[in-house]
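Enquirer:
Residue numbers (our numbering): 316 to 540.
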């Protein structure tokens, strides 16, 4: 046993550097800033970067089309032909169904045939005929009115990728504006001369605005993809 005053004296069970400062050249536990030590060799300090974030999606709500270019004359002509065919298809289907129902009611009740007019046409059948015609025309009117006011797009505009918007807001017109537009379009379209005047006026306009466009304060433009 060495004397206590010997500077080289160590307890036999204590390893060097157990209680005192680490021997020269040994790293201190932790860092001076208080953060835990870094990862062991061979392991990344941070997780690898993931794939890039996707671009933000385009908004699905209504879009402002005031800056969109007007639809060309030929595109509008093709869309008009499609819409005219859709209009008359609706009118004739409603008229056929209405006349069939009116005839069945007249035959079933037999009231009209017993109290017929001087020309042999029962009053019930005449009332049913006029009611059917009015209903058929209203359904055709609703085709232009409702589709234009809610979406700005009829069947012809879906096929030509165009849309009817208000010149003031750039969005589909209000129900009142759309109703005025549809009424003028149908009234002019019932005669060949009226349809020609309506469309030729639009062809001569720089923005291809027809007479029914002016009545509704609208313009037909190319829709963004």
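Just so you know, even glycine gets a beta-carbon here, dropped at the ideal spot from N, CA and C. Every value quoted in this text rests on a predicted model; they were computed, and no experiment measured them.
Please classify residue 533: does DSSP put it in a helix, a strand, or coil?
Expert: strand
Enquirer: Residue 537: which of 505, 524 and 385 sits nearest, CA to CA?
Expert: 385
Enquirer: Go ahead and label residue 389 buried or exposed: buried means 16 or more other beta carbons lie within 10 angstroms of its beta carbon, across all protein chains shown.
Expert: By the neighbour-count criterion, in which a residue is buried when 16 or more other Cβ atoms sit within 10 angstroms of its Cβ, residue 389 is exposed.
Enquirer: With DSSP as the reference, please indicate the residues paired to residue 480 in a beta bridge.
Expert: 534
Enquirer: Check residue 385 in the structure and name its three-state DSSP category.
Expert: strand
Enquirer: Does the contact criterion of 3 or more C-beta pairs under 8 Å hold for the segment 527 to 534 versus the segment 483 to 502?
Expert: Contact between the segment 527 to 534 and the segment 483 to 502 is present: 3 or more CB-CB pairs across the two stretches fall below 8 Å.
Enquirer: What does the alpha-carbon distance come out to for the pair residue 406 and residue 452?
Expert: 6 Å
Enquirer: Specify the secondary structure class of residue 438 as computed by DSSP and reduced to three states.
Expert: helix
Enquirer: When the Cα of residue 475 is compared with those of 515, 440 and 392, which residue comes out closest?
Expert: 392
Enquirer: Given that a residue counts as buried once 16 or more other Cβ atoms are within 10 Å of its Cβ, and exposed if not, what is residue 533?
Expert: buried
Enquirer: Quick one: is residue 287 buried, meaning 16 or more other Cβ sit within 10 Å of its Cβ, or exposed?
Expert: Lying before the first or after the last residue shown, residue 287 is absent from the chain, which here runs from 316 to 540.
Enquirer: Return the chain-ordered list of same chain residues with a C-beta closer than 7 Å to the C-beta of residue 427, the five sequence neighbours on each side being excluded.
Expert: Reliability fails at residue 427, whose pLDDT of 49 lies under 50, so the model's placement of it is uncertain and the value that follows must be treated cautiously. These residues qualify, in order along the chain: 421, 437, 438, 439 and 440.
Enquirer: Let me check understanding here. Comparing Cα to Cα, which of 396, 366 and 367 lies closest to residue 473?
Expert: 396
Enquirer: Going by alpha carbons, who is nearest to residue 268 out of 410, 442, 480 and 445?
Expert: An answer regarding residue 268 cannot be provided, because it is not within the stretch 316 to 540 covered by the chain.
Enquirer: What span of residues does the alpha helix (DSSP H) with residue 378 cover, start to end?
Expert: DSSP places residue 378 outside any alpha helix (DSSP H), giving it a letter other than H or E.
Enquirer: Taking only the alpha-carbon atoms, compute the straight-line gap between residue 379 and residue 488 and give it to the nearest angstrom.
Expert: 12 Å
Enquirer: Hey, could you find the ends of the alpha helix (DSSP H) residue 492 is sitting in?
Expert: 490 to 504
Enquirer: Using a Cβ-Cβ cutoff of less than 6 Å, which residues in the same chain neighbour residue 448 once the five nearest sequence positions on both sides are dropped?
Expert: none
Enquirer: Under the rule that 16 or more other beta-carbon atoms within 10 Å means buried, what is residue 493, buried or exposed?
Expert: buried
Enquirer: Hey, out of 459, 383 and 409, whose CA is closest to residue 531's CA?
Expert: 459
Enquirer: Quick one, are the C-beta atoms of residue 455 and residue 402 less than 7 Å apart?
Expert: yes
Enquirer: Evaluate residue 411 with the Cβ neighbour count: other Cβ atoms within 10 Å of its Cβ, from every protein chain shown; 16 or more gives buried, anything less gives exposed.
Expert: That one is exposed.
Enquirer: By the three-class DSSP mapping on this structure, what secondary structure does residue 523 have?
Expert: Residue 523 sits in coil when the DSSP states are folded into three classes, being neither helix nor strand.
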